[in-house]
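Protein chains: 2
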Amino acid sequence: MAEKRPLILITNDDGITAPGIRALIKAITPLGEVVVVAPDAPQSGMGHAITVNDTLYCEQVTIDQGSKITEFSCSGTPADCIKIGVNEVLDRRPDLVVSGINHGSNASINVIYSGTMSAAVEAGTMGIPAIGFSLLDFGYNADFSHLLAPVQQITRQCLKSGLPKGVVLNVNFPKIDHAPLKGIRVCRQADAHWVEKFDKRTSPMGRSYYWLSGEFVNLDQGEDTDQWALDHGYISIVPVQYDLTAHHAIAQINQWPL
Amino acid sequence: MAEKRPLILITNDDGITAPGIRALIKAITPLGEVVVVAPDAPQSGMGHAITVNDTLYCEQVTIDQGSKITEFSCSGTPADCIKIGVNEVLDRRPDLVVSGINHGSNASINVIYSGTMSAAVEAGTMGIPAIGFSLLDFGYNADFSHLLAPVQQITRQCLKSGLPKGVVLNVNFPKIDHAPLKGIRVCRQADAHWVEKFDKRTSPMGRSYYWLSGEFVNLDQGEDTDQWALDHGYISIVPVQYDLTAHHAIAQINQWPL
């Protein structure tokens, strides 16, 4: 009896036509049966947004002529795509969800703003193993070709080993120009943050408005962080959990005279 | 020399006119100098979304005639409100951020979808102590009057004690009908999830669309969870962190032959 090929659901947050997801589809297709449910428009910075007060469209589309991949374009967020993909589109439970390849970093504190990772986390809450992939290059002409092998390697291993309960993977690739990737590091999230600057302008109608324009500041000197790995040419893998409880702080808050 | 009153920035995710934030402003005003920067429209389910590809408006408004509170209405998300509030609106760093009172639960897994909590987390990443408050009642005519005292009690204590680095508080109030609150419990986030149902309909133009409509499923039997506390008439406080690293999983993933 032939072994059933794993069912792999693919999404992203840059929209279904973004080069990053097209590269991811190419990398993942040899590993199983692939179905794509991805946003119909860019959703960067959407965090774990879901559509609760509006309707959702989700319709089958053909992006690449001649492609045999089943693809759906969804009007919602990355997390919506996972919810509707698993519950409405697929006829069986997927064995894995992969999200990306994001155009831009989701390392360090960026994980909390990441639509790419929110899709992976959403799958995780359903008990489905999931990986978010990101490349530290915002360009739409970014080169993804050298990422196909490591994406396949990490995905194959995840299909084989599974993931601990409540854990999904946040994989980031350094931006490299013809230098070979140095390898893979399993890391913790660097303790960095954004220092915001707002660019204040005036509209033609005389109304003030702002552009958000921040600077990433990493004060974490640890060599076990994702940011260190990426700065030194390594692929970073951070196991991410959605139990946000600061367990170490419970005892301290319990001392409060409430 | 008079002691400087603490500066407290208030936001929410239901919009600046929602009864929940009006109740929160009433509770917090006696405790310090209050400035409100809140979304101009409901932002429920927005998670940690930020506005990266669009402009932001942020303009001073008067919601309650005769009010002496300085208030700004912002076109962005709750996280945007914190970024622009701290960096553009306020002339000094706030001593505390409070968000809410949300109309609906942010306990258990709801924390990852919560705009209310994303505002608190955003403040946390800046090193500012922060609390998100939520009431388990979606109604716009929900009764917040009995919450003023516990909101003040928890906020006063937080101003006095501060919070551990990297930690903010997720406070949920049970929906009670004239029963007294039983007290306050410091808890961990219950391991619950949503089982989604999609209500598929057809538009007048003949196009299929969906409404997301899930059911909350709590399989966590622990009596140390927020869901248990709320189900038994207690106020729950969960210390929440934005280091999402599943530290316990690093060793296991490191065993992978990558």
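So the sequences go chain by chain: Y and P.
This note's numbering numbers the first residue of the first sequence as 1 and each following residue consecutively.
This note's numbering numbers the first residue of the second sequence as 1001 and each following residue consecutively.
Cβ coordinates follow ideal geometry from the N, Cα and C atoms, glycine included.
Using the rule of at least 16 other Cβ atoms within 10 Å of the residue's Cβ for burial, across every protein chain shown, is Pro78/Y buried or exposed?
Answer is buried; the Cβ neighbour count reaches 16.
Span of the alpha helix (DSSP H), counted from its first residue to its last, around Cys187/Y:
Counted as a single uninterrupted DSSP element, the stretch harbouring Cys187/Y is not any alpha helix (DSSP H), since DSSP gives it neither H nor E.
Among all the DSSP beta bridges, which residues are the ones paired with Leu9/Y?
According to DSSP, Leu9/Y bridges with Val35/Y, Val97/Y.
Interface positions of the region 106-132 of chain Y facing chain P (Cβ-Cβ less than 9 Å), listed along the chain:
Result list: Ile109, Val111, Ile112, Tyr113, Ser114, Gly115, Met117, Ser118, Val121, Glu122, Thr125, Met126, Gly127.
Could you work out which residues of chain Y lie near Tyr1057/P, taking near to mean beta carbons separated by less than 8 Å?
Per Cβ cutoff of 8 Å: Arg207, Ser208, Tyr209, Tyr210.
Length-filtered (4 minimum) alpha helix (DSSP H) runs lying within the region 181-235 of chain Y:
Those alpha helix (DSSP H) runs which fall completely within the region 181-235 of chain Y and span 4+ residues are 226-231.
Rounded straight-line distance, which links the Cα of Thr155/Y to that of Leu1024/P:
Approximately 47 Å between the Cα atoms of the pair.
For His1247/P, does the count of other Cβ atoms within 10 angstroms reach 16, so buried, or fall short, so exposed?
With fewer than 16 other Cβ atoms within 10 Å, it is exposed.
Indicate whether at least one CB of chain P lies closer than 8 Å to the CB of Ala49/Y.
Yes, Ala49/Y counts as interfacial toward chain P.
Is the distance from the Cβ of Ala1049/P to the Cβ of Met126/Y below 8 Å?
In terms of Cβ geometry, Ala1049/P and Met126/Y do not form a close pair [threshold 8 Å].
Which class does Asn1053/P belong to by DSSP, given the choice of helix, strand or coil?
Asn1053/P carries a coil assignment under DSSP once its states are collapsed to helix, strand and coil.
Span of the alpha helix (DSSP H), counted from its first residue to its last, around Ser1118/P
Looking at the DSSP string, the run of the alpha helix (DSSP H) that includes Ser1118/P is 1115-1125.
Between the Cα of Ile1069/P and those of Val1034/P, Ser1044/P, Asp1054/P, Gly1100/P, spot the shortest distance and give me the residue it belongs to.
Considering only Val1034/P, Ser1044/P, Asp1054/P, Gly1100/P, the residue with the shortest C-alpha distance to Ile1069/P is Val1034/P.
Which of the three DSSP states, helix, strand or coil, is assigned to Gly20/Y?
Judged by DSSP in its simplified three-state form, Gly20/Y adopts helix.
For Gly100/Y, count neighbouring C-beta atoms within 10 Å of its own C-beta (all shown protein chains included) and say buried if the count is 16 or more, exposed if not.
The residue is buried, with at least 16 neighbouring Cβ atoms inside 10 Å.
For chain P, find out if any of its Cβ atoms is closer than 8 Å to the Cβ of Tyr140/Y; answer yes or no.
Judged by the 8 Å Cβ criterion, Tyr140/Y is not in contact with chain P.
Determine the chain P residues that contact Ile237/Y at a beta-carbon separation under 7 Å, and present them in chain order.
Around Ile237/Y, the beta-carbon contacts reaching into chain P at under 7 Å are Ile1253.
Spell out whether any CB of chain Y is found under 8 Å from the CB atom of Pro1042/P.
Pro1042/P counts as touching chain Y.
So is Glu1196/P in contact with chain Y if we call contact Cβ pairs under 8 Å?
Taking Cβ atoms only, chain Y reaches closer than 8 Å to Glu1196/P, which makes this a yes.
Residue environment, Met1205/P, which counts as buried when at least 16 other CB atoms sit within 10 Å:
Answer is exposed; the Cβ neighbour count stays below 16.
Proximity to Glu215/Y [Cα-Cα], best of Gln43/Y, Phe173/Y, Gly139/Y, Ile109/Y:
Nearest option by C-alpha distance: Ile109/Y.
Cβ pair Leu244/Y, Gln1241/P closer than 8 Å:
Yes, they are a contact pair.
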